[in-house]
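**Student:** Just so we're aligned, residue 9 is where the sequence shown starts under my numbering, counting upward by one.
Heads up, the beta-carbon is just placed ideally off N, CA and C, and yes, glycines get one too.
Next up is a structure, given as structure tokens.
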Amino acid sequence: MRTPRAPSTLPEWMLNPPPPRRTVGVRIGQAVRALPGAERLRRRWHRWQLRERLYQRYPNAVKILAMVISWFVIMILVSIAYALYAQV
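Structure follows, in structure tokens:
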């Protein structure tokens, strides 16, 4: 035999909370979504975000290219530092 459940000691506002307020951000978001063409633009944005990136498609080529670019940047910075100290 099961004992009856004890009544809750929580106040009424915790048992039945009021609905959440619409914040300014929610209102702006709903207004933007109501604009014509917003849904199509949102779908295109999601498709753009889900595309396969170049570094995912060719990871080794991107690594080699990054090494070459970083080497050139370092050489340019070293040359600038050398030129500045050569003037002194």
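From what residue to what residue does the alpha helix (DSSP H) around Asn24 run?
**Tutor:** Run containing Asn24: none; DSSP gives neither H nor E here.
**Student:** Rounded to whole angstroms, what's the CA-CA distance from Arg35 to Glu47? Just pull it up for me.
**Tutor:** Spanning the two alpha carbons is a distance of roughly 17 Å.
**Student:** Need the endpoints of the alpha helix (DSSP H) that Pro67 sits in, please.
**Tutor:** Where Pro67 is concerned, the enclosing alpha helix (DSSP H) stretches over 67–94.
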